[in-house]
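**Q** In the numbering used here, the protein residues as written are 106 to 550.
Quick look at the structure:
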């Protein structure tokens, strides 16, 4: 890390003790900014970096709700409104037992740069709760969401803060949250939440966008070196929304997608994943991948293991943070992986990312590779603001243009600052410059 940035990182560690995911996210960005500081010392002199690492606002509140047995449950919820230099705070809500302030701050910090890379006018924020929707009835999820929104609504608005979904928060949860917001405010402010159902202002292609965008970015990385994803053996981690649609887009582009995972292990289907069956099991029945293996003669299930033990040419980690470590990265390299793109947020540990880069593997960091989700959320906001509804084909065309633009911004910045082909440096530098310049324009706030 550049010597002028080390003291800022030490301040982050001291102010945010125990928040290791946040520390990891900040370090990853600051380690890329040495060439920028040498060229533009004003970013340090005017405390832009120090301000950028400190959220504008952090909200923590309790969420009491009643389960189906009449017992009162209490969860903790968070919303970190991190940076509004480019537009209203924008970022998802995550419902998962692992959620705590450090996770939310890491996600919010990443969101600042991801949103900047899209070229759209949105700032960065993130939120969530340690509530676990798994095993809960629709009525319990509804009561929890209504209680959460009863507190959160006062901080939201289409020009203020616009949440979306994330792990554990899909169209069902967004519907309950939106209904309560509308009831409390007596306003049909459809742009206040994204990821809505098509019946009430949602955008076509929103479900597909993160996974599709990850594969579009991957194809752009490969194309820049004269290659393609077509015909490549692909493995995907996770089996939720992002993983399923990453697999779908890869198949559309001619790839052979053979593996995906969940918390119980992974499946390998040498005939190629049957996405209709996978959707039926994971989205409709909310089942496990063991059911997929039981239903497909060409598939086998490996319990309690990582999908990254399988060989593949293209790896798309789409599950959760720090799921792919150095040992698994070395294994993938040994098995001939040529490209890795992060469909999830920071799924590769720093050591794993370094191995991929050192070995010449194309590596697309999450803030660039999975920016398609938030980009399409911003397109949903555009449609809501204009009382319009776009076709799936037009929305996908816009998504494709945006993702190609993200790739171009990363590539150009990496070249300009002497690190050609380094998409981590390119993504961090390009997005930082845009946010930092906006912050300087706004004065000391």
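Note that the Cβ used here is the ideal one computed from N, Cα and C, for glycine as well.
(1) Determine the DSSP secondary structure at residue 296, reduced to helix, strand or coil.
(2) Which residue or residues does DSSP assign as beta-bridge partners of residue 184?
(3) Opposite residue 317 in the DSSP bridges: which residues?
(4) If you compare alpha carbons, which of 156, 137, 141, 148 is closest to residue 116?
(5) Just reading off the beta strand (DSSP E) that residue 446 is part of, what are its end residues?
(6) So for residue 365, helix, strand or coil by DSSP?
(7) Where does residue 470 land, buried or exposed, given buried means 16+ other C-beta within 10 angstroms?
(8) Roughly how many angstroms separate the alpha carbons of residue 530 and residue 138, rounded to a whole number?
(9) Look at residue 232 and residue 184 and say whether their C-beta atoms are less than 8 Å apart.
(10) Under 7 Å from any heavy atom of the ligand NAD, does the C-beta of residue 540 make it?
(11) Can you give the Cα-Cα distance for residue 291 and residue 251, rounded to whole angstroms?
(12) What would DSSP say about residue 340, mapped onto helix, strand or coil?
(13) Buried or exposed for residue 113, please, with buried defined as at least 16 other CB atoms from any protein chain shown within 10 angstroms of its CB.
(14) Quick one: what's residue 402 bridged to in DSSP?
(15) Mind reading off the beta-carbon distance from residue 435 to residue 452? Whole number of angstroms is fine, and I expect it under 8 Å.
(16) Along the chain, which unbroken stretches of the alpha helix (DSSP H) at least 4 residues long are found entirely within the region 121-158?
(17) Please state the DSSP three-state secondary structure of residue 173.
(18) If you draw a straight line from the alpha carbon of residue 333 to that of residue 212, how long is it in whole angstroms?
(19) Less than 8 Å separating the beta-carbons of residue 360 and residue 335?
(20) Is there at least one Cβ from chain C nearer than 8 Å to residue 424's Cβ?
(21) Compare the beta carbon distance of residue 241 and residue 485 with 8 Å and say whether it is the shorter of the two.
(22) Hey, residue 466 and residue 415 are a contact pair by Cβ (cut 8 Å); roughly how many whole angstroms apart?
(23) Would you be able to state if there are at least three C-beta pairs under 8 Å between the region 215-231 and the region 295-306?
(24) Rounded to whole angstroms, how far is the Cβ of residue 136 from the Cβ of residue 206, which I believe are closer than 8 Å?
(25) Measuring straight from C-alpha to C-alpha, what distance separates residue 349 and residue 382?
(26) To which residues of the same chain is residue 358 closer than 7 Å at the C-beta, ignoring the five residues directly before and after it?
(27) Within its chain, find whatever has a CB closer than 6 Å to the CB of residue 160; leave out the 5 residues flanking it on each side and keep chain order.
(28) Mind checking which residues open and close the beta strand (DSSP E) that includes residue 518?
(29) Do you know how far the Cα of residue 274 is from the Cα of residue 129?
(30) Helix, strand or coil: which one does DSSP assign to residue 560?
(31) Classify residue 202: buried if its beta carbon has 16 or more other beta carbons within 10 angstroms, exposed otherwise.
(32) On the DSSP bridge list, what partners appear for residue 178?
(33) Using 8 Å for Cβ pairs, my map puts residue 386 next to residue 375. What's the rounded Cβ distance?
(34) Considering only residues of the same chain and omitting the five flanking positions on each side of residue 227, which have a CB-CB separation below 6 Å?
(35) In the DSSP assignment, what are the bridge partners of residue 453?
**A** Considering the structure as presented:
(1) Position 191 of the chain shown holds residue 296. Looking at residue 296 - three-state DSSP - the assignment turns out to be helix.
(2) For the purposes of this step, residue 184 is taken as residue 79 along the chain shown, with counting starting at 1. Its beta-bridge partners are 164, 232.
(3) By 1-based counting over the chain shown, the position of residue 317 is 212. Answer is none; residue 317 lacks a bridge partner.
(4) Start at 1 with the first residue of the chain shown, and residue 116 comes out as number 11. Of the listed residues, the one whose Cα sits closest to residue 116 is 156.
(5) Taking the first residue of the chain shown as 1, we reach residue 446 at position 341. Residues 444-446.
(6) Taking the chain shown and counting its residues from 1, the one referred to as residue 365 is at position 260. In this structure, residue 365 counts as strand in the three-state DSSP scheme.
(7) For the purposes of this step, residue 470 is identified with residue 365 of the chain shown, where counting begins at 1. Counting Cβ neighbours within 10 Å, residue 470 comes out buried, since at least 16 surround it.
(8) Translated into positions along the chain shown, residue 530 becomes position 425. Translated into positions along the chain shown, residue 138 becomes position 33. Approximately 8 Å, taken between the alpha carbons.
(9) Here residue 232 corresponds to residue number 127 of the chain shown, with the count starting at 1. Here residue 184 corresponds to residue number 79 of the chain shown, with the count starting at 1. Annotated as proximal: residue 232 and residue 184, with beta-carbon spacing under 8 Å.
(10) Among the components of this structure there are no ligands whatsoever, and the ligand NAD is therefore not found.
(11) Counted from its first residue, the chain shown places residue 291 at position 186. Counted from its first residue, the chain shown places residue 251 at position 146. A straight-line Cα-Cα distance of about 15 Å links residue 291 and residue 251.
(12) In the chain shown, counting from the first residue as 1, residue 340 sits at position 235. The answer is strand: DSSP assigns residue 340 an E or B state.
(13) Translated into the one-based positions of the chain shown, residue 113 becomes position 8. By the neighbour-count definition (other C-beta atoms within 10 Å, threshold 16), residue 113 is a buried residue.
(14) Along the chain shown, read from residue 1 onward, the residue named residue 402 stands at position 297. None; residue 402 has no bridge partner.
(15) Translated into positions along the chain shown, residue 435 becomes position 330. Translated into positions along the chain shown, residue 452 becomes position 347. So it is not a contact: roughly 16 Å between Cβ atoms.
(16) The qualifying runs are 125-135, 139-144, 147-150, 153-157.
(17) Reading the chain shown from its first residue, position 68 is the one you call residue 173. DSSP places residue 173 in coil when its eight states are reduced to three.
(18) As a working mapping, residue 333 is identified with position 228 in the chain shown. As a working mapping, residue 212 is identified with position 107 in the chain shown. When only Cα atoms are considered, residue 333 and residue 212 end up about 31 Å apart.
(19) Here residue 360 refers to the residue found at position 255 when the chain shown is read from its first residue. Here residue 335 refers to the residue found at position 230 when the chain shown is read from its first residue. In this structure, residue 360 sits near residue 335, with a CB-CB distance shorter than 8 Å.
(20) No chain C is part of this structure, which consists of one protein chain only.
(21) By 1-based counting over the chain shown, the position of residue 241 is 136. By 1-based counting over the chain shown, the position of residue 485 is 380. Taking 8 Å as the Cβ cut-off, residue 241 and residue 485 do not qualify as a contacting pair.
(22) For the purposes of this step, residue 466 is taken as the residue at position 361 of the chain shown. For the purposes of this step, residue 415 is taken as the residue at position 310 of the chain shown. Separation of the CB atoms of residue 466 and residue 415 is rounded to 16 Å, and the pair is thereby denied contact status at 8 Å.
(23) No, the region 295-306 does not touch the region 215-231.
(24) As a working note, residue 136 is residue 31 in the chain shown. As a working note, residue 206 is residue 101 in the chain shown. The Cβ separation is near 23 Å, so there is no contact.
(25) Here residue 349 corresponds to residue number 244 of the chain shown, with the count starting at 1. Here residue 382 corresponds to residue number 277 of the chain shown, with the count starting at 1. Distance between the alpha carbons of residue 349 and residue 382 is about 11 Å.
(26) The residue labelled residue 358 in the question sits at position 253 within the chain shown. Result list for residue 358: 320, 324, 334, 335, in chain order.
(27) Counting from one through the chain shown, the residue named residue 160 turns up at place 55. 185, 187.
(28) Taking the first residue of the chain shown as 1, we reach residue 518 at position 413. Element bounds for residue 518: not the beta strand (DSSP E) but the alpha helix (DSSP H), 497-521.
(29) In the chain shown, the residue the question calls residue 129 occupies position 24. In the chain shown, the residue the question calls residue 274 occupies position 169. Using only the alpha carbons, I get a separation of about 25 Å.
(30) As displayed, the chain neither begins before 106 nor continues past 550, which places residue 560 out of reach and without an answer.
(31) Taking the first residue of the chain shown as position 1, residue 202 is located at position 97. Answer is exposed; the Cβ neighbour count stays below 16.
(32) To locate residue 178, count along the chain shown from 1; it is residue 73. Answer is 170, bridged to residue 178.
(33) Translated into positions along the chain shown, residue 386 becomes position 281. Translated into positions along the chain shown, residue 375 becomes position 270. Contact doesn't hold; Cβ gap of about 19 Å is too wide.
(34) As a working note, residue 227 is residue 122 in the chain shown. Only 192, 195, 220, 483 meet the Cβ criterion.
(35) In the chain shown, counting from the first residue as 1, residue 453 sits at position 348. Its beta-bridge partners are 429.
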